[in-house]
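For what it's worth, UniProt numbering labels the leading residue of the sequence shown as 1, then goes sequentially. We treat Cβ as the ideally placed atom computed from N, Cα and C, and that holds for glycine. Treat the numbers as computed from the prediction; the structure is a model and nothing was measured.
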Amino acid sequence: MESKKPEILAPVGHYEGLASVIKAGADAIYMGVGKINQRALKSNFTIEDVKEIRKITHDAGVRQYIVLNSIVFEEDLPYINETLDQLKEIGVDAVIGWDMAVISASIERGIETHLSTMASVSNSQAAKFYEKMGIKRIVPAREVKLEGLLDIKRKTNLEVEIFIHGAMCMAVSGRCFLSHDVFEKSGNRGECYQVCRHEFDVKIVSKNTGTEFYLGSDYVLSARDLVTINFVDRLMWADSWKIEGRNKNADYAYMVTSAYREARDRILNGEWHTKGWKDLWDRLERVYHREWDSGFYFGEGLFGINKSIAKEKKLYVGEVIKFYPRISVAEVKIIDNPISIGDTIHIIGKKTGLVRQTVKSMQVEKKDIETAERGIVVGLKTEERVRPGDKVYLIKSVESSDNNINHQLITEQKEI
1 MESKKPEILA PVGHYEGLAS VIKAGADAIY MGVGKINQRA LKSNFTIEDV KEIRKITHDA
61 GVRQYIVLNS IVFEEDLPYI NETLDQLKEI GVDAVIGWDM AVISASIERG IETHLSTMAS
121 VSNSQAAKFY EKMGIKRIVP AREVKLEGLL DIKRKTNLEV EIFIHGAMCM AVSGRCFLSH
181 DVFEKSGNRG ECYQVCRHEF DVKIVSKNTG TEFYLGSDYV LSARDLVTIN FVDRLMWADS
241 WKIEGRNKNA DYAYMVTSAY REARDRILNG EWHTKGWKDL WDRLERVYHR EWDSGFYFGE
301 GLFGINKSIA KEKKLYVGEV IKFYPRISVA EVKIIDNPIS IGDTIHIIGK KTGLVRQTVK
361 SMQVEKKDIE TAERGIVVGL KTEERVRPGD KVYLIKSVES SDNNINHQLI TEQKEI
């Protein structure tokens with residue numbers, strides 16, 4: 001299928017993440033609002049936030065999509081209609097939904113409407129049904145293999161958005177009752193407590209003797225994390241590459257968005273075969289992730305370990321007190337972990353997003369120092385503009401054999 005320029009669609013759950021993904025080169029962002037979205041429990045925005053972010057994204061040339069993709073009950077209908085009226089007035093670029101109450105009302109208002117993966121579209125006939133309704137873009141069911149996705153694209157006039165990175169749900173398309181059963185918090189209403197990520201003791205009882213055996217603790221229901229950076233050149237036919245992670249921090253948002261943006265640019269510029277993807281894989285391994293998996297693109301498995309096996313961890317250092325733009329120096333109060341010349345740090349803030357840099361110069365009372373200890377205020381030379389209130393973190397390498405857990409899988413997928 002003909003290659004195109006897939007949109008880099010990044011997740012936003014807070015203002016720090018918004019600034020980070022814009023800086024990293026996202027073409028579009030998706031975000032929730034209010035109570036009808038799949039991240040309502042943690043990452044959420046108000047209508048006023050949507051309005052403010054609309055201005056920010058417009059100025060940056062970035063599209064803004066609003067997610068309204070959880071189950072809608074009868075009592076939610078007035079809220080849905082009010083919200084859609086407000087989104088229409090604000091002028092968001094699209095609404096993502098799957099409940100008929102949401103998508104039909106969105107289409108009626110003339111809002112560009114995208115169909116969430118929650119609708120579980122897994123074939124071209126189902127896709128055509130939604131196309132006739134007025135849906136412009138679909139996010140197919142996550143269990144559809146690569147060839148099935150290509151068939152949907154070939155046989156419809158719909159835009160197709162595919163997941164390229166991030167957490168996967170053991171319920172695949174998101175309809176799960178575990179959280180509701182255990183905590184009375186519905187995952188289908190954006191309140192998932194992620195019971196599947198917990199440890200379980202597996203008990204076997206002998207039918208003959210009644211003897212109980214424990215297999216020990218394990219994360220038997222926890223899905224691996226999706227990664228496609230090693231075969232993303234085979235996904236250039238898609239209209240949009242979607243990154244999961246509205247609950248993730250600014251480090252994740254920046255590093256993942258920048259890696260896939262660079263991968264796409266290398267492919268478009270004819271540099272993919274010379275520069276490759278291994279340095280981008282290394283970048284992805286430096287932020288939070290579980291064991292990697294290629295999802296269902298090639299029909300592999302889904303379940304793995306729950307803990308993060310990132311190559312790096314961050315330690316809180318302190319806070320920016322003041323910034324001098326003329327000399328690009330930040331006054332930083334060292335509250336916890338000390339930093340030294342040569343260390344890698346992250347500076348994160350609502351408007352700053354993420355600044356990743358090496359500590360090259362520090363001064364106290366105009367004297368150069370090698371290490372800034374806890375309790376002092378240090379002048380830190382920065383590579384970009386930062387702001388008072390920004391948080392500073394020390395980045396440390398994590399040595400773990402688990403970091404190499406999928407290297408054989410990478411090679412096998414690349415050769416498919």
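Is the distance from the Cβ of residue i to the Cβ of residue j below 8 Å?
{"i": "T117", "j": "R154", "result": "no"}
{"i": "S243", "j": "L77", "result": "Before going on, a small fix: residue 243 reads as Ile here, not Ser. Not closer than 8 Å, so no."}
{"i": "G148", "j": "L226", "result": "no"}
{"i": "L115", "j": "I90", "result": "no"}
{"i": "G353", "j": "A259", "result": "no"}
{"i": "H289", "j": "T228", "result": "no"}
{"i": "S70", "j": "I36", "result": "yes"}
{"i": "E159", "j": "D239", "result": "yes"}
{"i": "P140", "j": "S122", "result": "yes"}
{"i": "K314", "j": "V377", "result": "no"}
{"i": "I53", "j": "L18", "result": "yes"}
{"i": "E370", "j": "I345", "result": "no"}
{"i": "R63", "j": "D99", "result": "no"}
{"i": "L280", "j": "A253", "result": "no"}
{"i": "I96", "j": "Y130", "result": "no"}
{"i": "F323", "j": "R387", "result": "yes"}
{"i": "V329", "j": "L268", "result": "no"}
{"i": "A119", "j": "I80", "result": "no"}
{"i": "A24", "j": "R261", "result": "yes"}
{"i": "L235", "j": "I162", "result": "yes"}
{"i": "K275", "j": "R266", "result": "yes"}
{"i": "residue 431", "j": "R374", "result": "No answer is possible for residue 431: it lies beyond the span of the chain, which begins at 1 and ends at 416."}
{"i": "V102", "j": "V72", "result": "yes"}
{"i": "I257", "j": "A60", "result": "Looking at the sequence itself, residue 257 is Thr, so the reference to Ile does not match. Result no, Cβ atoms of T257 and A60 do not sit closer than 8 Å."}
{"i": "K128", "j": "T156", "result": "yes"}
{"i": "G241", "j": "E7", "result": "Correcting the residue identity first, residue 241 is Trp in this sequence and not Gly. Yes, the pair counts as a contact, with Cβ atoms nearer than the cut-off."}
Would you please state the rounded distance, in angstroms, between the beta carbons of residue i and residue j? I believe it to be under 8 Å.
{"i": "I111", "j": "L68", "result": "10 Å between Cβ atoms; not a contact."}
{"i": "E383", "j": "Q363", "result": "In fact, because the Cβ distance is near 16 Å, the residues do not count as touching under 8 Å."}
{"i": "K248", "j": "R286", "result": "In fact, because the Cβ distance is near 13 Å, the residues do not count as touching under 8 Å."}
{"i": "V320", "j": "I339", "result": "Not a contact, Cβ separation roughly 13 Å."}
{"i": "W237", "j": "L150", "result": "7 Å"}
{"i": "K391", "j": "Y297", "result": "Rounded, the Cβ-Cβ distance is 37 Å, inconsistent with contact."}
{"i": "K350", "j": "E16", "result": "6 Å"}
{"i": "N337", "j": "L394", "result": "5 Å"}
{"i": "V12", "j": "V21", "result": "6 Å"}
Can you give me the start and stop residues for the beta strand (DSSP E) that residue i sits inside?
{"i": "F296", "result": "Run containing F296: none; DSSP gives neither H nor E here."}
{"i": "H114", "result": "113-115"}
{"i": "M31", "result": "28-32"}
{"i": "E370", "result": "It is not in any beta strand (DSSP E) - E370 carries neither H nor E in the DSSP assignment."}
{"i": "W241", "result": "240-243"}
{"i": "Y324", "result": "312-324"}
{"i": "V392", "result": "391-397"}
{"i": "L280", "result": "Per DSSP, L280 belongs to no beta strand (DSSP E); it is in the alpha helix (DSSP H), 278-284."}
{"i": "V378", "result": "377-381"}
{"i": "P63", "result": "Per the sequence shown, the amino acid found at residue 63 is Arg instead of Pro. Note, R63: beta strand (DSSP E), 63-68."}
{"i": "V21", "result": "V21 -> not in any beta strand (DSSP E); alpha helix (DSSP H) instead, spanning 15-24."}
{"i": "L226", "result": "225-227"}
{"i": "M362", "result": "362-364"}
Note the first and the last residue of the continuous alpha helix (DSSP H) segment covering residue i.
{"i": "M255", "result": "250-268"}
{"i": "I56", "result": "47-60"}
{"i": "M118", "result": "That residue, M118, is in no alpha helix (DSSP H); it is neither H nor E in DSSP."}
{"i": "E7", "result": "No alpha helix (DSSP H) holds E7; the beta strand (DSSP E) holding it covers 7-11."}
{"i": "M133", "result": "124-133"}
{"i": "W272", "result": "272-275"}
Using a Cβ-Cβ cut-off of 8 Å, state whether residue i counts as contacting chain C.
{"i": "G148", "result": "No chain C appears in this structure, which consists of one protein chain only."}
Practice problem: Let me know the beta strand (DSSP E) ranges lying completely inside the segment 138-168, each 3 residues or longer, listed in chain order. | Solution: Runs found: 159-167.
Self-check item: 3-residue-minimum beta strand (DSSP E) runs that sit fully inside the segment 75-110, ordered along the chain
Solution: Runs found: 94-97.
Exercise. Entirely within the segment 334-359 and at least 4 residues each: give me those alpha helix (DSSP H) ranges in chain order.
Key: Within the segment 334-359, no run of alpha helix (DSSP H) reaches 4 residues while sitting entirely inside it.
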